[in-house]
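Chemist: Using this note's numbering, the first residue of the sequence shown is number 261, and each one after it goes up by one. A virtual CB, placed ideally from N, CA and C, is assigned to each residue, including glycine. Provided herewith is a single structure, encoded as structure tokens, for subsequent inquiry.
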Amino acid sequence: MKKIGILGSTGSIGTQTLEIVRNYKEDIEVTALAAGSSAAALEAQIREFHPKTAVLFDEAAAKDLRERVKDMDVTVLAGMEGLLEIASMDAVDALVTAVVGMIGVRPTLAAIEHGKDILLANKETLVTAGHLLMPLAKEKGVAILPVDSEHSAIFQSLNGEKRSQIKKILLTASGGPFRGKKREELSGMRAEDALKHPNWSMGRKITIDSATLVNKGLEVMEAKWLFDVNLDQIQVVVQPQSIIHSMVEYVDGGVIAQLGLPDMKLPIQYALFYPDRRPMPGPSLDFYELQKITFEKPDTETFRGLALAFDAMRAGGSMPTVYNAANEKAVGMFLAHQITFLQIPEIIEMCMQRHTVIPHPGVEQILETESWTYDLIKKVIS
Ligand code: MG
Numbered sequence: 261m262k263k264i265g266i267l268g269s270t271g272s273i274g275t276q277t278l279e280i281v282r283n284y285k286e287d288i289e290v291t292a293l294a295a296g297s298s299a300a301a302l303e304a305q306i307r308e309f310h311p312k313t314a315v316l317f318d319e320a321a322a323k324d325l326r327e328r329v330k331d332m333d334v335t336v337l338a339g340m341e342g343l344l345e346i347a348s349m350d351a352v353d354a355l356v357t358a359v360v361g362m363i364g365v366r367p368t369l370a371a372i373e374h375g376k377d378i379l380l381a382n383k384e385t386l387v388t389a390g391h392l393l394m395p396l397a398k399e400k401g402v403a404i405l406p407v408d409s410e411h412s413a414i415f416q417s418l419n420g421e422k423r424s425q426i427k428k429i430l431l432t433a434s435g436g437p438f439r440g441k442k443r444e445e446l447s448g449m450r451a452e453d454a455l456k457h458p459n460w461s462m463g464r465k466i467t468i469d470s471a472t473l474v475n476k477g478l479e480v481m482e483a484k485w486l487f488d489v490n491l492d493q494i495q496v497v498v499q500p501q502s503i504i505h506s507m508v509e510y511v512d513g514g515v516i517a518q519l520g521l522p523d524m525k526l527p528i529q530y531a532l533f534y535p536d537r538r539p540m541p542g543p544s545l546d547f548y549e550l551q552k553i554t555f556e557k558p559d560t561e562t563f564r565g566l567a568l569a570f571d572a573m574r575a576g577g578s579m580p581t582v583y584n585a586a587n588e589k590a591v592g593m594f595l596a597h598q599i600t601f602l603q604i605p606e607i608i609e610m611c612m613q614r615h616t617v618i619p620h621p622g623v624e625q626i627l628e629t630e631s632w633t634y635d636l637i638k639k640v641i642s
């Protein structure tokens, strides 16, 4: 019986993880759940999955939850302290990190410190603290299992191969809801337009990131850390049908790809049972129906977010944190209709230009860089 904790259990990845657990209750026990502020949703999960510990990040919501589940045998905690408790619990073997944003940095590092395997869906942690996370995972003998569909595909395409024989990683992208549009057409786009993703159903923040191609930028950084390749070994390929989830080209020119329907349940389930595969209910890929898969070069002139990610990664140190924090803030402002769509990459670029890189930042410096970025945006935009 594998015991798992889920950070971000009421979000898109969290609820899909629980859907899989529902099919495999004899193999997986959910011992800890954490969410942001949805007391009612977390209460329902507690009643179904009976975790030992539940956390709501929001203090007031945690108080409400404590009242709601007082008939149950569960400890309700709040805040970062609660997340860190889950990260260090003996009753957790593997932690699914499905929170959105840099809030995942400290609990993920704590969980690795305590020897928990990580099912990583919180890409911001790898982007900002990959230089701390990967060596620590190696030192502690902890597995980092990617849950992001592209990275799961790369991980699957690496099975049985030697990493030293990778020529390049072909990271696929759907191109998002605005693929093919030019700058003039994008200037008036509103959050509602960007939230209509053609293939994937995801949370709000990642859907906007997908429209700006910042999501792909974050995934380039993620891939660099996870698979220990150079930036020039990562090529982004637009594959609008989202059937090829990524590919690896080897030194002999052979390319191995992983294909499937665009459904996050496969990468989640693969990470949960790795190295085993389990049956998955529901439809699978029908090639007669599909007929064709097409490819394009990403338009990095229009979608500056992707080019800026390569710049941030090349600058290294604290620069990816600036890229990520500026994006988090800008997306929040865009969703609140405070800035335009094209201002998102402009804000990221402005922050990067004004930042002096801290080489090899520690956790405190990463979090300080996040605050510095937020303060800068507040000062400049308002
Ligand atoms: Mg992805």
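Does any heavy atom of the ligand MG sit closer than 7 Å to the C-beta of residue 561?
Modeler: no
Chemist: Quick one: what's got a C-beta closer than 8 Å to residue 513's C-beta in the same chain, skipping five residues either side?
Modeler: 427
Chemist: Could you spell out where the beta strand (DSSP E) holding residue 433 opens and where it closes?
Modeler: Here the beta strand (DSSP E) through residue 433 covers 426-433.
Chemist: Does any heavy atom of the ligand MG sit closer than 7 Å to the C-beta of residue 410?
Modeler: Indeed, a heavy atom of the ligand MG lies less than 7 Å from the Cβ.
Chemist: For the ligand FAD, is there a heavy atom less than 7 Å away from the beta-carbon of residue 384?
Modeler: Summarising the ligand content, the structure contains the ligand MG and does not contain the ligand FAD.
Chemist: For residue 349, count the other beta carbons within 10 Å of its own beta carbon; 16 or more makes it buried, fewer makes it exposed. Which is it?
Modeler: buried
Chemist: DSSP three-state call for residue 451: helix, strand or coil?
Modeler: Helix at residue 451.
Chemist: What is the DSSP secondary structure of residue 525, reduced to helix, strand or coil?
Modeler: Residue state, collapsed to three classes: helix.
Chemist: Counting Cβ pairs, one atom from each stretch, are 3 or more of them under 8 Å apart for the region 380-387 and the region 403-420?
Modeler: Contact between the region 380-387 and the region 403-420 is present, because at least three Cβ pairs lie under 8 Å.
Chemist: How would you call residue 212, buried or exposed, if buried means at least 16 neighbouring beta carbons within 10 angstroms?
Modeler: The structure shown does not extend to residue 212, since the chain spans only 261 to 642, so no value can be given for it.
Chemist: Which residue or residues does DSSP assign as beta-bridge partners of residue 498?
Modeler: 433 and 556
Chemist: Between 515, 500, 616 and 593, which lies nearest to residue 642 when the distance is taken from Cα to Cα?
Modeler: 593
Chemist: Any beta carbon of chain D sitting closer than 8 Å to that of residue 292?
Modeler: Among the protein chains of the structure shown there is no chain D, as only one such chain exists.
Chemist: Is the separation between the beta-carbon of residue 339 and that of residue 319 shorter than 8 Å?
Modeler: yes
Chemist: Give me whichever residues DSSP pairs with residue 406 in a beta bridge.
Modeler: 380, per the DSSP bridge assignment.
Chemist: Kindly indicate the opening and closing residues of the beta strand (DSSP E) around residue 262.
Modeler: 262-267
Chemist: Quick one: what does DSSP say residue 669 is sitting in, helix, strand or coil?
Modeler: No answer is possible for residue 669: it lies beyond the span of the chain, which begins at 261 and ends at 642.
Chemist: If you run the structure through DSSP and keep just helix, strand and coil, what is residue 641?
Modeler: coil
Chemist: Where does residue 518 sit, in a helix, a strand or coil, going by DSSP?
Modeler: strand
Chemist: Looking only at its chain, what residues have a beta carbon closer than 7 Å to the beta carbon of residue 516, apart from the 5 residues adjacent to it on each side?
Modeler: 417, 507 and 508
Chemist: Can you tell me which of 501, 442, 482 and 485 puts its alpha carbon nearest to the alpha carbon of residue 472?
Modeler: Ranking the options by Cα distance to residue 472, first place goes to 442.
Chemist: Measuring from the CB of residue 479, is there a heavy atom of the ligand MG at a distance below 7 Å?
Modeler: yes
Chemist: Answer yes or no: do residue 567 and residue 580 have a C-beta to C-beta separation smaller than 8 Å?
Modeler: Cβ atoms of residue 567 and residue 580: not closer than 8 Å.
Chemist: Can you check DSSP and say which residues form a bridge with residue 341?
Modeler: In the DSSP output, where bridge partners are listed per residue, residue 341 has none listed.
Chemist: What residues in its chain sit with their C-beta under 6 Å from that of residue 578, if we drop five residues either side in the sequence?
Modeler: 617, 618, 621 and 629
Chemist: Leaving out five residues before and five after residue 353 in sequence, what residues of the same chain have Cβ atoms less than 6 Å from its Cβ?
Modeler: 262 and 263
Chemist: If you follow the alpha helix (DSSP H) that residue 548 is part of, which residue opens it and which one closes it?
Modeler: That run of the alpha helix (DSSP H) goes 547-550.
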